[in-house]
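1 is the number of the first residue of the sequence shown in UniProt numbering; add one for each residue after it.
Glycine is no exception: its CB is placed at the ideal position from the N, C-alpha and C atoms.
Computed from a predicted model, the values in this text were never measured in an experiment.
A quick write-up on the structure given underneath.
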Amino acid sequence: MSSSEGEKGEKQSGVIFATGVLTIPSAMFVLGALPGAINVLGWQGLNTYCAIVQGNFRNRHAGCHSIADMANVVGGTWLKEVVGVLFLVTYAIVGASGIFGTSVALNVLSNHAICTNWFMLVATIAVLILASVRKFENIAWLTWAGFLTVYVAVFIVVVGVTTLDRPAAAPQTGDYDFGYHVIGHPTFVAAITSVSTIFCSGAGTSAFLPVISEMRRPRDYNKAVYLCMGIVTASYLTFSLVVYKYCGQWVASPSLGSAGPTIKKVAYGIGLTGLLVSACLYVHVAAKYLFVRLLRHSEHFQKNTVVHWAVWLGCTTAMSAVSFLLASGIPIFNYLLALAGSLTFSPLALGLPGYLWVYDHQHYRKGKMWQVIVYYLNWLMIALSVFLTIGGTYGVIQNIIDAYSQGLIGGAFSCENNDR
């Protein structure tokens, strides 16, 4: 393995790992251990395939530096604009999940010392400052820090839950329902929300594309993707199965709170960096896309002028503000990621890559039998993205409505403790 391959593989892992690993155990409770594991393997396999498709398409078509550029090739200006909006909305939502997770960590570490909104504001300001560093290579080291801190934090929780006689959140005396199921029996709304959450945990592959231009050997991109997704998939599967096995229905979301108050403080103290970095990276990537779109044909694009910096800081501020509003309006960690998975990642990271492949392989439609099968399997993936977009979005919205009506969450901009 080349150093370029290993370095970029770790950077890609850092982009998608931090928030994803914290949501899957609670999704497994809804689906059951076996369907949950199948979903992790299946979606991670499809996400890996889509990352490879995007990399190959970029290499075949000069000038494709973002997923929106690719959309322009296959669908023209209108599709480019639609995908551009989806890209911004997607990364605003996942940025919100990082801000929300950071506010949970601050609540845990301070014993809810102040209003949660203030913690969210502090997190947003920190994200804004970090994301406003102009060049990605100057903050790329943060991906290492984010990945390692969350990995260590989750590992501590995994070890911690195995030492408990019963889950920390369960009644500590008397009989109780543990809630572990090999196969769950959820409603459609609960199931599709959990499926969307698991899909979202590895769907940030469009953020890999800028990494190609930074690689010393761009041809190592595919190897780096396989390395990244292999590490992420193995970690998701093992960590989630162990936490669910020992916590059952009493698993927390984010999962760092599953092993009791002491370990929770330790885990959040270590993982705080990763939660903050995840939001920073997503906001930075989205702001960079918006900045390039606004100034690409301007003399200020490459010059350190007042206009250049005003537009750049305006982009990072706008994206940070939108993420803050989303984090305050949907104060449940899983639902933020499920919304991103269904509403935006599904068409962006599943449907569009399927069509990119179809666009480049039209000859497969009349080729050998195996080529015809592969051709229509990609169309099936596009159909799957449509189903997940419609069904998943409906499920998440219904869950959010139910959570508000049942008093499971306070109102938007509530001061209530979000450490649940």
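**Inter-residue spacing [alpha-carbon to alpha-carbon] between Val161 and Lys368** = When rounded, the distance between both Cα atoms is 52 angstroms.
**Prompt:** Hey, out of Gly274, Val83, Tyr376 and Leu209, whose CA is closest to Ser103's CA?
**Reply:** Comparing alpha carbon positions, the residue from Gly274, Val83, Tyr376 and Leu209 closest to Ser103 is Gly274.
**Prompt:** Taking the alpha carbon of Phe188 as the point to measure from, which residue in Ile390, Ala33 and Gly314 has its own alpha carbon closest?
**Reply:** Ile390
**Per-residue DSSP class, three states only, for Phe413** = coil
**Burial state of Val78 (16 or more Cβ within 10 Å)** = For the sequence presented, residue 78 should be read as Trp rather than Val. Exposed: under 16 other Cβ atoms inside 10 Å.
**Request:** Measure from the alpha carbon of Ser206 to the alpha carbon of each residue in Ala327, Asn56 and Ala338, then state which is nearest.
**Result:** Asn56
**Asked** Which one of Met28, Phe100 and Gly351 has the shortest CA to CA distance from Cys280?
**Response** Phe100
**Message:** With three or more C-beta pairs closer than 8 angstroms as the rule, is the region 366-383 touching the region 305-317?
**Reply:** Contact check between the region 305-317 and the region 366-383: fewer than three CB pairs, one atom from each, fall below 8 angstroms, which does not count as touching.
**Item:** Spatial distance of Lys8 from Thr48 (CA atoms)
**Value:** Residue confidence is low: Lys8 scores 45 on pLDDT, short of 50, so the model does not pin down where it sits. No coordinate-derived value is stated.
**Request:** Helix, strand or coil for Phe301, going by three-state DSSP, please let me know.
**Result:** coil
**Request:** Ignoring anything shorter than 3 residues or poking outside the region 252-306, list the beta strand (DSSP E) runs there in chain order.
**Result:** none
**Message:** Using 8 angstroms for Cβ pairs, my map puts Asn334 next to Ser132. What's the rounded Cβ distance?
**Reply:** Cβ-Cβ separation between Asn334 and Ser132: approximately 29 angstroms, too far for a contact (criterion under 8 angstroms).
**Request:** Tell me where the alpha helix (DSSP H) around Met120 begins and ends.
**Result:** Thr116 to Ala131
**Asked** Tell me which same chain residues have a C-beta within less than 6 angstroms of the C-beta of Thr124, skipping the five on either side of it?
**Response** Ile99, Ser320 and Phe324
**Prompt:** Nearest to Ala92 by CA position, among Phe413, Leu337, Ile332 and Trp370, is which residue?
**Reply:** Leu337
**Prompt:** Quick one: Cα of Gly260 to Cα of Gly76, how far?
**Reply:** Approximately 53 angstroms, taken between the alpha carbons.
**Message:** Given a cut-off of 8 angstroms on the beta-carbon distance, is the pair Arg392 and Ser328 in contact?
**Reply:** It is worth fixing the name first, because residue 392 is Gly in this sequence and not Arg. Taking 8 angstroms as the Cβ cut-off, Gly392 and Ser328 do not qualify as a contacting pair.
**Residue of Trp43, Val152, Gln249 and Thr317 minimising C-alpha distance to Phe178** = Gln249
**Item:** Span separating the alpha-carbon of Val122 from that of Tyr364
**Value:** 53 angstroms
**Request:** Could you have a look at Arg219 and say whether DSSP puts it in helix, strand or coil?
**Result:** helix
**Prompt:** Can you list, in chain order, the residues of its chain whose CB lies under 6 angstroms from that of Gln371, leaving out five sequence neighbours each side?
**Reply:** Tyr364
**Asked** Just how far apart, CA to CA, sit Ala62 and Leu209?
**Response** The alpha-carbon atoms of Ala62 and Leu209 are separated by roughly 13 angstroms.
**Request:** Would you kindly report the start and end of the unbroken alpha helix (DSSP H) that includes Cys64?
**Result:** Bounds of any alpha helix (DSSP H) do not take in Cys64, whose DSSP letter is neither H nor E.
**Message:** Short of 7 angstroms in beta carbon distance, which residues of its chain neighbour Val30, apart from the five on each side in sequence? Order them along the chain.
**Reply:** The beta carbon of Val30 is closer than 7 angstroms to those of Gly184, Pro186, Ala190, Ala191 and Ser194 in its chain, skipping five residues each way along the sequence.
**Message:** Is the beta carbon of Asn107 closer than 8 angstroms to that of Asn417?
**Reply:** yes
**Request:** Give the straight-line distance between the Cα atoms of Pro353 and Ala96, rounded to the nearest whole angstrom.
**Result:** 25 angstroms
**Request:** Report the rounded CA-to-CA distance for Thr262 versus Tyr404, giving the unit in angstroms.
**Result:** Cα to Cα, the separation comes out at about 30 angstroms.
**CB contact flag (Phe199, Leu339, <8 angstroms)** = no
**Request:** Return helix, strand or coil for Ser206, following the three-state DSSP convention.
**Result:** DSSP places Ser206 in helix when its eight states are reduced to three.
**Prompt:** What are the boundary residues of the alpha helix (DSSP H) that Asn334 is part of?
**Reply:** Phe333 to Leu339
**Cβ shell of Phe301 (< 6 angstroms), same chain only, five flanking positions each side left out** = Leu295
**Request:** Could you check the C-alpha separation between Gly6 and His112 for me, to the nearest Å?
**Result:** Here Gly6 scores only 43 on pLDDT, less than 50, and its place in the model should not be relied on; the value that follows carries that caveat. Each residue's alpha carbon lies about 40 angstroms from the other.
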